[in-house]
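Following: one structure in structure tokens, then a few remarks.
Number of protein chains: 2
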Amino acid sequence: MALKDVIDGPRNEIGLSEVVQALSAQFGERFQTGKAHREQHAHSTSYLPAQLPDGVVFVESGKEVQAIVRLCAHHKVPIIGFGAGTSLEGQVNAASGGICVDFTWMNKVLRVSPEDLDCTVEPGVTREALNVYLRDTGLFFPIDPGANASIGGMASTRASGTNAVRYGTMKDNVLALTVVTANGEEITTAQRARKSSAGYDLTRLFVGAEGTLGLITSITLRLQGIPEKIGGGVCGFPSLEDACNAVITTIQLGIPVARIELLDQMQMRACNAYSKLTYPEQPTLFVEFHGTDEAVALYSRQFAAIAADFGCTDFRYTEDAEERAQLWKARHNAYWASRALAPHLAGLSTDVCVPISRLADCVAETQADIAAEGFLAPIVGHAGDGNFHVLVLFDDKSEEDVARVEAFTERLSARALAMQGTCTGEHGIGQGKMRYLEAELGAAIPAMRAVKQALDPDNIFNPGKIFRL
Amino acid sequence: MALKDVIDGPRNEIGLSEVVQALSAQFGERFQTGKAHREQHAHSTSYLPAQLPDGVVFVESGKEVQAIVRLCAHHKVPIIGFGAGTSLEGQVNAASGGICVDFTWMNKVLRVSPEDLDCTVEPGVTREALNVYLRDTGLFFPIDPGANASIGGMASTRASGTNAVRYGTMKDNVLALTVVTANGEEITTAQRARKSSAGYDLTRLFVGAEGTLGLITSITLRLQGIPEKIGGGVCGFPSLEDACNAVITTIQLGIPVARIELLDQMQMRACNAYSKLTYPEQPTLFVEFHGTDEAVALYSRQFAAIAADFGCTDFRYTEDAEERAQLWKARHNAYWASRALAPHLAGLSTDVCVPISRLADCVAETQADIAAEGFLAPIVGHAGDGNFHVLVLFDDKSEEDVARVEAFTERLSARALAMQGTCTGEHGIGQGKMRYLEAELGAAIPAMRAVKQALDPDNIFNPGKIFRL
């Protein structure tokens, strides 16, 4: 990619060598400067080229994080936080070099309070590990961005995913954070109460800041009771508009659908081919309901009636876990099914989010754009939120292809903005969407910049991301 | 009150006279400096003594707000936003004098999108006016702090109230804001999509900032479909613990209760006396369910079973609107019923919020404290959130009484903090709780202060609130 937005800031070589020496002395084997480690930590699910850090330190405590921040701040050396490396917009790239702080080994669940439906975890805990840990408590953590991301990374990128329509995004599910700020202090952003109006909402300032304002060292999360019953179903619609109207009606009636996912015709074709399924190749909704036996039965009946109103003639539904997994197989394998359409091509995963009344329009216009370009680019969406993803398959060795994909994503973002939507529902800005943020919220960027400069005056935290300083 | 926290900063007399002259010229009758107007705009529901602004300007547009901010910024004169004057912790006091910007006449609903369940309003729209406006659309705005507050004020204080257990607080229901910042620019904090990960979450930074970072000029809100059915009920419990355990179990099972309010024995006594009711004087829960006919029937059956498990023998429930109003009369009149216990005394309304597992302990210890002091101080709580209010009746002419009430609220706050709760669930910090915020989040105050100084370098927006500069 041309990477118009990536800033290769000046590297601070003198400071760096001091920091590398000090970290080697303090952390021994837990500080790595070999190329393999550095490459691995600039490698993410992103389509953007890797920018390697100068060293990777595997931290084990908040105290260690404080020491590293003090050291790097003193030498004005960049610090990039690293969770599971599943971000999509170059968030973990070391744009000006510096030290990658890897939280993999800070992976303890520090506390679970079943009565309060909350817990506190270290940032390296992955969402799957957390849910395995919680299983015996009857609770679960609902945010599911697909990848087995770390909780720290999910907080930093304001992740959401399939369950957000029912349970909200990370901003709604983080109760409090501890964060190491640029002066090396560790601050607590909130107590554990479920609501508070005590002071500025620093919790939500750090959630989604992509590591540019501080390093998160613990996260207090809201949890949910594991539903007594989960029901899931699949229904195809005559048109995209019908499928979207079924979604809007469901949301308007307040049916608490837990997931409602839209797969377009090309995505269904890819899934059928990949998973040897025989779904009709039409716009299809995958739905899931959580609740008591009676509640789930009720919601699914209500939804089936809505789906029928919009032309779904074959709502296939089950409350059996295995059958549900089978029914939902197409959705679960959507990413790999798409990649399998052309295994030799690279994939660019992007997302936008629009008011749900515009979802059908935005998807239809995007499909027309894809057809006009002749792209292989299936669409899958978290339809209840108006959020959808396009995975564009393209030859990243071809300059012409790269230019066409860049122009396509630019049009996609502009289309979403024109519909009062956002250039990213859940992937974040990172390096890849900086110019779209300018188009979206340009007048607000000076305020964001002022906040950044106030909290990180030497620009040590993840420089070169979100907006230009 | 001794008002330990109130800062009477130095007044900027020279700047003020320039500003007063300019505003008189520009706004004519819409700028008032008479004592009656100034007194009215420092008068709130607060127990704190009034600090009058030097003038009150009734604005009609964002452009006017920009002009006023530019003028005041140039002369470094304080600006205090004013909605309905229902805040409780001295938020609208003019601690260092200055200009009160009254939003009463900026009261237009700018846009409603029924399909997207959202709307945009000017800050002076009250929540009751908004709901009247919305009635024909089949939608409603759920946040209900009791008072008929303005939406701008509710956003500024991060208000919540009885419905928060189901619908969240203002932070969850504001999608975007326009805000006039210290340089007089008007910025938009977000687009209208239901979720976004585009840049810093400025929306939630301004929500709850109590007017100290800028003046909100429009608010985009999430709306809800008016439920097909509303069911309400009342049940008394043998003990506070039983009532709280019924709440915890309800929340844990994921029953989407719309309101679940706890009234203690003294509150029930006050309500019986005031509204000529005959409820047993025991800890009592008032509950409400929203949904389809079937869903509400289901939720209420499930709740009744839980209540019975914890000793409620007489769950009185109805789906008839008039009967429900009658049943809930005690809750609706709680404030005035409490005041009527001793009409000659002043009332101090305070709130704390704790993890729900500690709600019974916190209320019980507070009741014991009230009994030891011999106070008349009924308790009413938004139990599903762990949030409760104490209305302490006291003689504000007696120094001894004032000192005892101050010591009591200090103990209440310390008790909530010791239980990992917050010194305020929904009233905010204002002037009254500045020292409690220090106790609660002291280490984070430097970060809050840095944000304040970055966005409002001359401290013109509502100075002397939340924390010391």
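If you read the sequences in order, they're chains A and B. 1 is the number of the first residue of the first sequence in UniProt numbering; add one for each residue after it. 1 is the number of the first residue of the second sequence in UniProt numbering; add one for each residue after it. All residues carry an ideal CB built from backbone N, CA and C; glycine is no exception.
How would you list, in chain order, the residues of chain E whose beta-carbon sits under 8 Å from the beta-carbon of residue i?
i: residue 444 (chain B); result: Going by chain labels, chain E is absent from the structure shown, which instead holds the protein chains A and B.
Please check if any C-beta of chain B sits within less than 8 Å of the C-beta of residue i.
i: residue 310 (chain A); result: no
i: residue 387 (chain A); result: yes
i: residue 158 (chain A); result: yes
i: residue 169 (chain A); result: yes
i: residue 252 (chain A); result: yes
i: residue 302 (chain A); result: yes
i: residue 330 (chain A); result: no
i: residue 209 (chain A); result: yes
i: residue 248 (chain A); result: yes
i: residue 181 (chain A); result: yes
Are the C-beta atoms of residue i and some chain A residue less than 8 Å apart?
i: residue 225 (chain B); result: yes
i: residue 172 (chain B); result: yes
i: residue 451 (chain B); result: yes
i: residue 115 (chain B); result: yes
i: residue 454 (chain B); result: yes
i: residue 350 (chain B); result: no
i: residue 147 (chain B); result: no
i: residue 460 (chain B); result: no
i: residue 374 (chain B); result: no
i: residue 262 (chain B); result: no
i: residue 143 (chain B); result: no
i: residue 417 (chain B); result: yes
i: residue 48 (chain B); result: no
Where does residue i fall in DSSP's three states?
i: residue 373 (chain B); result: helix
i: residue 102 (chain B); result: strand
i: residue 27 (chain A); result: helix
i: residue 225 (chain B); result: strand
i: residue 67 (chain B); result: helix
i: residue 118 (chain A); result: strand
i: residue 37 (chain A); result: helix
i: residue 252 (chain A); result: helix
i: residue 111 (chain B); result: strand
i: residue 152 (chain A); result: helix
i: residue 363 (chain B); result: helix
i: residue 247 (chain B); result: helix
i: residue 402 (chain B); result: helix
Kindly list, in the order they appear in chain A, the residues whose Cβ is closer than 7 Å to that of residue i.
i: residue 294 (chain B); result: 298
i: residue 423 (chain B); result: 198
i: residue 87 (chain B); result: The contacting residues do not exist; residue 87 (chain B) stays about 10 Å from chain A at best.
i: residue 429 (chain B); result: 198 and 199
i: residue 205 (chain B); result: 200, 201 and 205
i: residue 231 (chain B); result: Residues of chain A passing the Cβ test: none, with the nearest at roughly 14 Å.
i: residue 241 (chain B); result: Within 7 Å Cβ-Cβ: nothing; residue 241 (chain B) doesn't reach chain A, min ~13 Å.
My understanding is that residue i touches residue j, with C-beta atoms under 8 Å, so please give their C-beta distance in whole angstroms.
i: residue 198 (chain B); j: residue 440 (chain A); result: 6 Å
i: residue 331 (chain A); j: residue 286 (chain A); result: 5 Å
i: residue 153 (chain A); j: residue 50 (chain A); result: About 17 Å; that fails the 8 Å criterion.
i: residue 38 (chain B); j: residue 52 (chain B); result: 4 Å
Name the chain B residues that come within less than 8 Å of residue i, Cβ to Cβ?
i: residue 354 (chain A); result: 193
i: residue 448 (chain A); result: 199, 200 and 202
i: residue 467 (chain A); result: 199
i: residue 164 (chain A); result: 195
Since residue i meets chain B, which of its residues come closer than 9 Å, beta carbon to beta carbon?
i: residue 137 (chain A); result: Those within 9 Å of residue 137 (chain A) in chain B number zero; the least Cβ separation is about 11 Å.
i: residue 441 (chain A); result: 187, 188, 189, 190, 191, 198, 199 and 202
i: residue 432 (chain A); result: Result: empty, since nearest Cβ-Cβ is about 12 Å, beyond 9 Å.
At 8 Å on the CB atoms, spell out the chain A contacts of residue i, in chain order.
i: residue 420 (chain B); result: 191, 192 and 193
i: residue 256 (chain B); result: 256
i: residue 437 (chain B); result: 198 and 199
Whose Cβ in chain B lies nearer than 7 Å to the Cβ of residue i?
i: residue 357 (chain A); result: 113, 115 and 116
Which residues of chain A have a Cβ atom closer than 9 Å to the Cβ of residue i, listed in chain order?
i: residue 285 (chain B); result: What residue 285 (chain B) touches in chain A: nothing, since even the nearest Cβ is about 17 Å away.
i: residue 426 (chain B); result: 195, 196 and 197
Segments of 3+ residues assigned as beta strand (DSSP E) that fall wholly inside the region 284-330 of chain B: Entirely contained in the region 284-330 of chain B, the beta strand (DSSP E) runs reaching 3 residues are, in chain order, 284-291 and 316-318.
Runs of alpha helix (DSSP H) lying entirely within the region 259-287 of chain A, each at least 4 residues, in chain order: 265-275
Whole runs of the beta strand (DSSP E) within the region 169-200 of chain B, excluding any shorter than 3 residues: 174-180 and 186-188
Residue ranges of each alpha helix (DSSP H) within the region 331-361 of chain A, 4 or longer: 334-340
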